[in-house]
Amino acid sequence: MQTPADRHDRREYPAHWEADVVLRDGGTARIRPITVDDADRLVSFYEQVSDESKYYRFFAPYPRLSAKDVHRFTHHDFVDRVGLAATVGGEFIATVRYDRIGADGMPASAPSDEAEVAFLVQDAHQGRGVASALLEHIAAVARERGIRRFAAEVLPANTKMIKVFTDAGYTQKRSFEDGVVRLEFDLEPTDRSLAVQRAREQRAEARSVRRLLVPRSVAVVGVGRAPGGVGRGVLGNIRDAGFTGGLYAVNKAFPAELKEVDGVPAHRSVREIAGPVDLAVVAVPAEHVPEVVAECGEHGVQGLVVLSAGYAEAGPDGRERQRALVRQARTYGMRIVGPNAFGIINTSDEVRLNASLAPEMPRPGRIGLFAQSGAIGIALLSRLHRRGGGVTGVTGVSTFVSSGNRADVSGNDVLQYWYDDPDTDVVLMYLESIGNPHKFTRLARRTAAAKPLVVVQGAGSAPQGHAVRATRLPHATVSALLRQAGVIRVDTITELVDAGLLLARQPLPAGPRVAILGNSESLGLLTYDQCLAEGLRPMRPLDLTTGASAEDFHAALSRALADDTCDAVVVTAIPAIGEASPGDAELAEALRSAAAGVPGKPVLVVHVELGGLAQALSAAAGTAPASPGGGDPHRPVERLPGIAAAVDRPAGAAPAATGSRLIPAYPAAERAVRALGEAVKYAQWRREAADPGKVPEYEDIDEKGAARLIGGMLARGQGLTLGTEETCELLGKYGIQVHRALPAPTPDAAAGAARTLGYPVALKATAPHLRHRADLGGVRLDLADEEQLRRAYAELTELFGRPEELRPVVQSMAPRGVDTVVRAVIDPAAGAVLSFGLAGAASQLLGDMAHRLVPVTDREATSLVRSIRTAPLLFGWRGSTPVDTPALEELLLRVSRLVDDHPEVVAVTMEPVVVAPRGLSVLSASVRLAPPPARDDLGPRTLPVY
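Note that the numbering used here has the sequence shown beginning at 1, numbered continuously upward.
Structure, rendered in structure tokens:
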């Protein structure tokens, strides 16, 4: 969008300020700068504003805008004067502007850092959260232009606008003079303003998904006149599922006299439908989709499910077609599932929606299911169908979304909906790609604190139709960050369903202690070994023998559950032969009644070819386990310490359905125990999440001094790796001392450096191919005098080449200890990541590194040190002396503070860090600076543009 020649002092049009946002009611709007081309739109907008709203804006009757007003409100320099508009269908629905002012309240330019701000919202769109969204965006624009404070004058009767300012969460002052309320507030984001912003984001995005999943009326566009075809099939699926709302069939090729198709009202266009349409399912060729979208937008349709293919999955032309589709839909305030989608399902009795290609409605239940491709969606639904009706009992789906190319609605949006959906207790997601990992981990952490979130994360490149942010992090690192956020990470669809069924049916275990009982000694021992492999603490298996009766199982299970040293029970069962052997229904009833006596502990069954037993175990009225009093099924009777009720179940969520507790059954010990192991780790994470720790303050940190240093360094270039002295100086501002190393280009220089530092010393080659590779022989330690130093120097040059190739340095000896590595990196997709591991080829080869998102708390630093497989080497393995891990944790926290306080620090590497029994020594460090990447977690709410 380019302005005409009347530019005077204006800068280039700031296209990066354009954004799509989700409003409070779930609709969308576009926010963009106002230009001179908008004069007619502004006049039309103002004519639709009520006289009362005009009075509130101008403090006097102001029926129309003069030509001078229109010129003033459309001519901006995008620095000292900025105007933004929220648009729907290309027309203004709200405006906001700021004018930079000086201390005297008169127009000013930089370095003045204050501006007056004013809003005007069309009456028909008030209450939709438009002003709040505009405030977030105009504040971000102002910060970019060096403005740090807004002032606003509001009439006392304009309570809605006063509330917009006061609810925003910024630090503010209020005064009253001459009948006007004056509000002043700083624009620097605060914890409260971010919390307000994210709460609004959650409500808006959840509402936008709810409009798709809970429509009052649906139109299927592209219904064929003859049986067969995608459109006709989806229409039949919606009808056969018993959809409770209005249903319409649409095809522009229908004869004028055709009134019904398969008993459903037929129309040639969405415009012909008399009543409102909430959702349109689009099943027409891609070239006809724009016409359908325009019809739907003009009719007021709220959302689209686009089944049509031929978009980004088809190549560059299709990708551009997909972007145009999203732009067009958002112009009308609509959201899209798809294109190339499999569809959406809601099994609630109040909705009964099967707007998908699945020919049968899944069994209703309390599992939320998300997939991207149709093939994975089919696999998940069919696996749940088979397991739900046979082996493991009747557990079904609450809602299902297959997003296809996820050009608009993504897993993040659906996660926002499931967070406080009272009909969903467990969330299962198969993610072939993650478009915004940083946001996903934030949402996952919050969701996992309330209900289990189980994820299969696709490895390798994203599917053809998916646009994702570039990430430099390995797949294993992203997986580790997801686990840190409370995500239950599994590798296959089978594991996804196994874990989901356990978590949907049973309470969380209070610990890793597992009792094993059954009528097969060998199966019990197999289960015992598998528990050890999963890191659980199994008790000796109790063999009831093959002659065990149902009463024997009941008694043994009751005793195990009553044992305070037991946190979970695995029952193993094999077919028995003989008249005294219990039948499937009898055994299932015995296990269910025993489990009901102690409802706070999970029970699993490992069976061998006992289909009847599995079905009998599932015979219950409800699909969710019931806690005493109908509470959260994932809260043990002895509730997880310190977790508030609001965390266990989001506010406003209904209790789980009552009914007998379902006991999941598995055909193999390893599958049951693996699911139990994931439940144990998740329960532990939830206990720890109740007290995540804090980011400590250190009095010796000089944040402002570091900022000045970084600013001066960056003035030399856009990106640079600091030299040794600069690195030491910057790290010193955060209390991190680097062991001094002096260059030794000649033997005499090496001897002089050793005299300066004092013996004993180390001689190291720092050439890239030898750096941090002591195993190659490029390091000589404990050189006690000049003779040993000169001999070592000669050996190195003889082995590896000339000094200018080796780049030798001399360093004083550090106390002996364990060599470790500390790294931090700013990833464009995931954000700032802190990593830790032991130094050496073995750890690198095994990938034994642990990772945490920055900022790291004291508890997270403690767990980071202990989470690598080689951590025992730090704690006295095989009689060695334990090292000073508190000093190591403090170093990790200081590095975390550095990269969190200064986003210009895009990479830090410390290798090796020698951790001794007392203290540590950073022997080598490097720092890279660059202009700070965009922090979308601190910016205004926006919908992604792929």
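Backbone N, C-alpha and C fix where the C-beta goes; we use that ideal spot for every residue, glycine too.
Quick check: what's the CA-CA separation for residue 258 versus residue 266?
7 Å
Alpha helix (DSSP H) segments (min. 4 residues) lying fully within the stretch 337 to 407
374 to 386
Beta-carbon spacing of residue 223, residue 251 below 7 Å
yes
Would you call residue 989 buried or exposed, if buried means 16 or more other Cβ atoms sit within 10 Å of its Cβ?
Only positions 1 to 946 of the chain appear in the structure, and residue 989 is not among them; the question remains open.
Could you check where the alpha helix (DSSP H) with residue 414 kicks off and where it finishes?
411 to 419
Boundaries (first-last residue) of the beta strand (DSSP E) holding residue 106
Element bounds for residue 106: n/a, residue is neither H nor E.
Skipping 5 residues on each side, what residues in its chain have a beta carbon closer than 6 Å to that of residue 333?
27, 28 and 88
Go ahead and label residue 500 buried or exposed: buried means 16 or more other beta carbons lie within 10 angstroms of its beta carbon, across all protein chains shown.
buried
May I have the straight-line CA-CA distance separating residue 160 from residue 343, to the nearest angstrom?
39 Å
For residue 850, list the residues DSSP reports as bridge partners.
836
Coil, strand or helix - residue 487 by DSSP
coil
So what's residue 764 in DSSP terms, helix, strand or just coil?
strand
Going straight from the alpha carbon of residue 555 to that of residue 547, what length do you get?
14 Å
Go ahead and label residue 534 buried or exposed: buried means 16 or more other beta carbons lie within 10 angstroms of its beta carbon, across all protein chains shown.
buried
For residue 422, which option in 405, 436 and 399 has the closest C-alpha, if you only look at C-alpha atoms?
399
Give me, in chain order, the residues of the same chain whose beta-carbon lies closer than 8 Å to that of residue 532; leave out the 5 immediate sequence neighbours on both sides.
538
Using C-beta distances below 8 Å, list every residue in its chain close to residue 203, excluding the 5 sequence neighbours before and after it, in chain order.
24
Return the residue from the list 61, 36, 65 and 55 that minimises the CA-CA distance to residue 46.
65
Cβ-based burial, residue 392 [other Cβ within 10 Å; buried from 16]:
In this predicted model, residue 392 has a pLDDT of only 37, less than 50, meaning its place in the structure is not dependable; the value taken from the coordinates is given anyway. Answer is buried; the Cβ neighbour count reaches 16.
Touching by the beta-carbon criterion (3+ pairs, under 8 Å), the stretch 338 to 356 and the stretch 211 to 221
yes
Residue 681 classed as buried or exposed, judged by whether at least 16 other C-beta atoms fall within 10 angstroms:
buried
Do residue 78 and residue 85 have their beta-carbon atoms positioned less than 7 Å apart in this structure?
no
Nearest-angstrom Cα distance between residue 542 and residue 515?
8 Å
Based on DSSP bridge pairs, tell me the residues matched to residue 915.
818 and 920
Leaving out five residues on either side along the sequence, give the residues of the same chain with a beta carbon under 8 Å from the beta carbon of residue 642.
Low confidence applies here, because residue 642 scores a pLDDT of 27, under 50, leaving its location unreliable; read the following figure in that light. Closer than 8 Å at Cβ, skipping near neighbours: 687, 690 and 691.
Verify whether the separation of the beta carbon atoms of residue 410 and residue 371 is less than 7 Å.
no
Per DSSP, what kind of secondary structure is residue 904 in: helix, strand or coil?
coil
Which runs of the alpha helix (DSSP H), 4 residues or longer, sit entirely within the stretch 563 to 600?
584 to 597
Local conformation of residue 138 per DSSP, three classes
helix
Measure the C-alpha to C-alpha separation of residue 883 and residue 164 and round it to an integer number of angstroms.
54 Å
Strictly by DSSP, which residues pair up with residue 99?
81 and 116
Rounded C-alpha distance that separates residue 588 from residue 664
11 Å
Give me the residue from 894, 817 and 801 with the minimum Cα distance to residue 769.
801
Where residue 98 and residue 57 are concerned, what is the direct C-alpha to C-alpha distance, given to the nearest angstrom?
14 Å
Between the stretch 738 to 746 and the stretch 908 to 923, can you find at least three pairs of beta-carbon atoms closer than 8 Å?
yes
Exposed or buried, what is residue 799 when buried is set at 16 or more other beta-carbons lying within 10 Å of its beta-carbon?
exposed
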